[in-house]
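*Asks:* For the record, in the sequence shown the residue sitting at position 373 is 373 according to full-length UniProt numbering, with numbers rising by one throughout. We treat Cβ as the ideally placed atom computed from N, Cα and C, and that holds for glycine.
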Amino acid sequence: MVHTCVVAGCRNRRTPGTTLSFYRFPRDPERKQRWIAAVNREGWVPNDGSRLCSTHFISGKQVKNPRSPDYVPSVFTAAPLSPEMKEPGTLEILDKQEARVEAANALLFLQGQGRSVVGERGQEEHPEEREQEAIVEESASSSLSADEDDDEDVESMSDSKKGKFAQTSDVPVNFDDIVKALKKENQTLRESVEKMSLSESSLRNDAEKVKFYTGLPNYFVLETVMWLLAPHMDGMKNVKLSKFQQLLLTLMRLRLDLRNQDLAYRFGVKVSMVTRTVHQMVSIMSSTLVPTAVFWPSRAELRKNLPAALRTSHPDCAVIVDCFTVPFEEPVSRGNQQQQQRVVPSSQVVGTSHNVLKYLIGVAPQGVVTFVSRGVLGNVSDKSLAEGCGLLCKLLPGDVVLASRDLNIADSVAARGALFKIASSYQSGAYGSSGGSDTCSETVSVQRHVDRVISMVKQRYVMLTGPVESPFTAASERTSNLSTFDKIVQVACALNNLCISAAPLE
1 MVHTCVVAGC RNRRTPGTTL SFYRFPRDPE RKQRWIAAVN REGWVPNDGS
51 RLCSTHFISG KQVKNPRSPD YVPSVFTAAP LSPEMKEPGT LEILDKQEAR
101 VEAANALLFL QGQGRSVVGE RGQEEHPEER EQEAIVEESA SSSLSADEDD
151 DEDVESMSDS KKGKFAQTSD VPVNFDDIVK ALKKENQTLR ESVEKMSLSE
201 SSLRNDAEKV KFYTGLPNYF VLETVMWLLA PHMDGMKNVK LSKFQQLLLT
251 LMRLRLDLRN QDLAYRFGVK VSMVTRTVHQ MVSIMSSTLV PTAVFWPSRA
301 ELRKNLPAAL RTSHPDCAVI VDCFTVPFEE PVSRGNQQQQ QRVVPSSQVV
351 GTSHNVLKYL IGVAPQGVVT FVSRGVLGNV SDKSLAEGCG LLCKLLPGDV
401 VLASRDLNIA DSVAARGALF KIASSYQSGA YGSSGGSDTC SETVSVQRHV
451 DRVISMVKQR YVMLTGPVES PFTAASERTS NLSTFDKIVQ VACALNNLCI
501 SAAPLE
């Protein structure tokens with residue numbers, strides 16, 4: 001069966017030996033309607049035999065990715081054909097004349113002949129051809145007088161053609177100005193493309209772009225992270241992406257919470273490669289970067305840099321603790337649930353939400369994250385999470401663990417020879433009823449300190465705001481209790497510590 005393109009003015013047909021492709025209209029109603037709108041034939045509805053040729057797509061073929069410009073045909077050089085137009089020969093003659101004028105202008109531009117060639121072109125034009133043009137324009141306007149909208153379109157088209165003829169025959173063209181304008185436009189396009197580029201050279205001298213895509217303050221910090229991770233990336237089998245692109249892709253996933261399909265389109269790779277790259281890079285960053293940037297400081301370092309706000313009230317403060325939650329899309333895998341149920345006694349489970357992951361975070365008074373637990377289901381109590389995450393093992397006798405609310409871990413902390421203090425209760429005991437205003441002030445200050453650090457991490461790496469996709473909540477390795485998202489939380493805290501964003505307690 002011979003197929004003909006349904007676009008008005010397009011005469012492409014499927015014949016033996018042709019290199020063109022002819023596509024059916026999509027079955028998806030929304031996409032099909034967009035195709036019909038692009039064809040722009042009033043009152044026309046495609047049938048099973050309707051076909052669209054490949055010349056109406058930018059790349060020469062349709063693309064099923066909704067983010068691609070070729071998801072919908074967009075290349076249409078001919079005027080739309082109205083159902084009332086009964087003389088197709090009229091449009092063909094107009095197309096031929098327009099093509100002739102465009103070819104003449106292109107030739108003049110390339111050869112730089114200017115006025116002389118334009119004058120010769122006007123003298124050599126035959127009167128028969130001028131009469132034919134007048135007849136064609138008159139017939140085109142009269143044949144569409146029945147429909148007001150179509151009449152306006154053809155009149156504007158006719159006026160534009162008259163303008164082209166007038167410019168060719170009467171007005172001299174200054175090609176130097178045209179070349180200057182084209183060069184200026186070309187330079188603007190180059191700068192625009194360079195701004196959108198994700199290459200290493202484009203980020204080197206653009207701190208704002210580095211901050212937007214990675215969350216890091218400048219290229220020097222990004223280069224330092226790359227230097228730490230590069231030796232551990234040699235075993236990654238990825239021939240299409242460089243080491244820098246793999247790191248940038250992963251940071252964009254954490255920073256902007258872009259979906260894998262979006263990243264695949266931006267970097268020109270398959271979605272499966274994006275998924276594999278993110279999981280591998282997160283594992284490498286968890287084992288390499290986290291121990292470097294998230295660590296428990298010594299008591300001497302803590303006391304040396306202790307903020308003035310705690311120097312008098314809590315000179316032995318080692319850490320300020322609190323919990324935060326992240327929602328996830330689907331329930332955690334059955335293996336993780338069973339494992340958490342084995343760790344957590346039923347008597348210590350409280351009736352909170354089941355579709356969130358809870359994390360215990362430890363923040364130094366200087367404003368950096370010094371500890372992050374693995375994630376547990378939201379119905380696990382704060383006490384159970386604190387006792388099972390390993391935080392208590394880092395305490396030394398005489399240390400003070402500070403919090404703005406009761407986590408019910410005072411006995412567990414005391415067993416380590418340390419002291420758990422709630423800002424309000426401590427202040428109330430020390431100063432009695434007369435210290436009510438100081439109590440409120442200290443409680444608000446401590447709570448604001450932890451909230452500021454947590455919100456800073458979540459704002460810098462939006463993926464931590466959730467909801468978390470189910471593939472990230474499953475344990476990434478059989479020998480590890482950490483899921484990929486647990487590693488992502490730790491990596492985000494580590495990257496936050498590398499930024500110039502420490503928030504000391506005020």
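Answer yes or no: do R41 and R24 have a C-beta to C-beta separation smaller than 8 Å?
*Replies:* Position 41 of the sequence shown, counted from the start, is the residue given in the question as residue 41. Position 24 of the sequence shown, counted from the start, is the residue given in the question as residue 24. Cβ distance not < 8 Å, so R41 and R24 don't count as in contact.
*Asks:* Looking at the secondary structure, which residues open and close the alpha helix (DSSP H) in which Y213 lies?
*Replies:* Residue numbering aside, residue 213 sits at position 213 when the sequence shown is read from its first letter. From DSSP, the alpha helix (DSSP H) with Y213 extends over 207-214.
*Asks:* State the CB to CB distance for the pair W44 and V72, rounded to an integer number of angstroms; the pair is presumed to be in contact (CB under 8 Å).
*Replies:* For this step, residue 44 is matched to residue 44 along the sequence shown. For this step, residue 72 is matched to residue 72 along the sequence shown. So it is not a contact: roughly 17 Å between Cβ atoms.
*Asks:* Hey, out of S483, E469, N496, whose CA is closest to Q459's CA?
*Replies:* Here residue 459 refers to the residue found at position 459 of the sequence shown. Checked all of S483, E469, N496; the closest Cα to Q459 is N496.
*Asks:* Suppose you measure from the CA of L310 to the CA of V369; what does that come to, to the nearest Å?
*Replies:* To locate residue 310, count along the sequence shown from 1; it is residue 310. To locate residue 369, count along the sequence shown from 1; it is residue 369. Taking the straight line from one Cα to the other gives about 17 Å.
*Asks:* Give every residue of the same chain whose Cβ lies closer than 8 Å to the Cβ of D70, excluding the five residues on either side of it in the sequence, and list them in chain order.
*Replies:* One-based indexing of the sequence shown puts residue 70 at position 70. Same-chain partners within the cutoff: F57, I58, S59, K61, Q62, V63.
*Asks:* Helix, strand or coil: which one does DSSP assign to S428?
*Replies:* For the purposes of this step, residue 428 is taken as the residue at position 428 of the sequence shown. A caution first: S428 carries a pLDDT of 36, below 50, which makes its placement in the model unreliable, though a value can still be read off. In the structure shown, S428 sits in a helix (DSSP, three-state: H, G or I).
*Asks:* Looking at the structure shown, is D322 part of a helix, part of a strand, or coil, going by DSSP?
*Replies:* For this step, residue 322 is matched to residue 322 along the sequence shown. DSSP places D322 in strand when its eight states are reduced to three.
*Asks:* Would you call P365 buried or exposed, if buried means 16 or more other Cβ atoms sit within 10 Å of its Cβ?
*Replies:* Along the sequence shown, one-based indexing puts residue 365 at 365. Classification for P365: buried.
*Asks:* What's the gap between the Cα of P315 and the Cα of P307?
*Replies:* Numbered from its first residue, the sequence shown carries residue 315 at position 315. Numbered from its first residue, the sequence shown carries residue 307 at position 307. Approximately 9 Å, taken between the alpha carbons.
*Asks:* Do V294 and V401 have their C-beta atoms within less than 8 Å of each other?
*Replies:* One-based indexing of the sequence shown puts residue 294 at position 294. One-based indexing of the sequence shown puts residue 401 at position 401. Not in contact: V294 and V401 (Cβ atoms no closer than 8 Å).
*Asks:* I think V326 touches L357, with their Cβ atoms under 8 Å apart; what is that distance to the nearest whole Å?
*Replies:* Sequence index remark: in the sequence shown, residue 326 carries index 326 (1-based). Sequence index remark: in the sequence shown, residue 357 carries index 357 (1-based). Sure, about 5 Å apart at Cβ, within 8 Å.
*Asks:* Would you list the one or two residues that DSSP bridges to K383?
*Replies:* Within the sequence shown, residue 383 is the residue found at index 383, counting from 1. Bridge partners of K383: none, in fact.
*Asks:* So, for N355: in the same chain, excluding its five sequence neighbours on each side, which residues have a beta-carbon less than 8 Å away from its beta-carbon?
*Replies:* Working through the sequence shown from its first residue, we reach residue 355 at position 355. Closer than 8 Å at the Cβ level, and outside the excluded window around N355, lie P327, F328, P331, G378.
*Asks:* Based on DSSP bridge pairs, tell me the residues matched to F420.
*Replies:* Position 420 of the sequence shown, counted from the start, is the residue given in the question as residue 420. Its beta-bridge partners are V401.
*Asks:* Considering only DSSP beta bridges, list what P327 is partnered with.
*Replies:* By one-based count along the sequence shown, residue 327 stands at place 327. P327 pairs with V356.
*Asks:* Classify Q33 as buried or exposed, calling it buried when 16 or more other Cβ atoms lie within 10 Å of its own Cβ.
*Replies:* For this step, residue 33 is matched to residue 33 along the sequence shown. Classification of Q33: exposed, given that the 10 Å Cβ count is below 16.
*Asks:* So, at 6 Å on beta carbons, what are the nonlocal neighbours of G375 in its own chain, with the 5 sequence-adjacent residues on each side left out?
*Replies:* Numbered from 1 along the sequence shown, position 375 holds the residue referred to as residue 375. The answer, listed in chain order, is L357, Y359, D486.
*Asks:* Excluding the five sequence neighbours on either side, which residues of its own chain have a C-beta within less than 8 Å of the C-beta of H126, listed in chain order?
*Replies:* The residue you call residue 126 lines up with position 126 of the sequence shown. Bear in mind that the predicted position of H126 carries a pLDDT of just 47, short of 50, making it unreliable; the figure below should be weighed with that in mind. Contacts found: none.
*Asks:* Beta-carbon within less than 6 Å of V269's beta-carbon, same chain only, minus the 5 sequence neighbours each way: which residues are those?
*Replies:* Along the sequence shown, one-based indexing puts residue 269 at 269. K240, listed in sequence order.
*Asks:* Roughly how many angstroms separate the alpha carbons of Q490 and R67, rounded to a whole number?
*Replies:* Along the sequence shown, one-based indexing puts residue 490 at 490. Along the sequence shown, one-based indexing puts residue 67 at 67. Distance between the alpha carbons of Q490 and R67: 32 Å.
*Asks:* What does DSSP give as the partner residues of I361 in its beta bridges?
*Replies:* Residue mapping note: residue 361 aligns to position 361 of the sequence shown, counting from 1. DSSP output for I361 lists D322, V372 as bridge partner(s).
*Asks:* Which residue from S298, S54, V453, P29 puts its Cα closest to that of P397?
*Replies:* Taking the first residue of the sequence shown as position 1, residue 397 is located at position 397. That would be S298, whose Cα lies nearest to the Cα of P397.
*Asks:* At the level of alpha carbons, what is the spacing between A181 and K237?
*Replies:* Mapped onto the sequence shown, residue 181 falls at position 181. Mapped onto the sequence shown, residue 237 falls at position 237. Going by the C-alpha atoms only, they are around 47 Å apart.
*Asks:* Assuming L254 is part of the alpha helix (DSSP H), what are its boundary residues?
*Replies:* As a first step, residue 254 must be located in the sequence shown, where it is residue number 254. L254 -> alpha helix (DSSP H) spans 243-256.
*Asks:* Is the beta carbon of S412 less than 8 Å from the beta carbon of L392?
*Replies:* Position 412 of the sequence shown, counting from 1, holds the residue named residue 412. Position 392 of the sequence shown, counting from 1, holds the residue named residue 392. In contact: S412 and L392 (Cβ atoms closer than 8 Å).
*Asks:* Using alpha carbons as the reference points, say which of C493, E191, L216, R31 lies closest to L464.
*Replies:* As a working mapping, residue 464 is identified with position 464 in the sequence shown. It is C493 whose Cα lies nearest to the Cα of L464.
*Asks:* Between the beta-carbon of V248 and the beta-carbon of L302, is there less than 8 Å?
*Replies:* As a first step, residue 248 must be located in the sequence shown, where it is residue number 248. As a first step, residue 302 must be located in the sequence shown, where it is residue number 302. In the sequence as displayed, the identity of residue 248 is Leu instead of Val. The answer is no: Cβ separation not under 8 Å.
*Asks:* Once the 5 residues before and after A415 are set aside, which same chain residues still bring their CB inside 6 Å of it?
*Replies:* Numbered from 1 along the sequence shown, position 415 holds the residue referred to as residue 415. If we look at A415 and ignore the five residues flanking it on each side, it has no Cβ neighbours.
*Asks:* As a quick exercise: from A37, V457, E200, pick the residue whose alpha carbon is nearest that of S242.
*Replies:* Along the sequence shown, read from residue 1 onward, the residue named residue 242 stands at position 242. For the residues A37, V457, E200, the minimum Cα distance to S242 belongs to E200.
*Asks:* Using 8 Å for Cβ pairs, my map puts L419 next to K383. What's the rounded Cβ distance?
*Replies:* Mapped onto the sequence shown, residue 419 falls at position 419. Mapped onto the sequence shown, residue 383 falls at position 383. That pair is no contact at about 17 Å.
*Asks:* So what's T292 in DSSP terms, helix, strand or just coil?
*Replies:* Position 292 of the sequence shown, counting from 1, holds the residue named residue 292. Three-state DSSP puts T292 in a helix.
*Asks:* So, are the CB atoms of I284 and H232 less than 8 Å apart?
*Replies:* For the purposes of this step, residue 284 is identified with residue 284 of the sequence shown, where counting begins at 1. For the purposes of this step, residue 232 is identified with residue 232 of the sequence shown, where counting begins at 1. Cβ distance < 8 Å, so I284 and H232 count as in contact.
*Asks:* Could you have a look at T465 and say whether DSSP puts it in helix, strand or coil?
*Replies:* Locating residue 465 in the sequence shown gives position 465, where the first residue counts as 1. It is helical.
*Asks:* Examine the Cβ distances between the segment 207-220 and the segment 259-266 and report whether three or more of them are shorter than 8 Å.
*Replies:* Flag = no, the segment 207-220 and the segment 259-266 do not touch.
*Asks:* Can you tell which of G362, S483, D48 has the C-alpha that lies nearest to the C-alpha of R452?
*Replies:* For this step, residue 452 is matched to residue 452 along the sequence shown. Closest by alpha carbon: G362.
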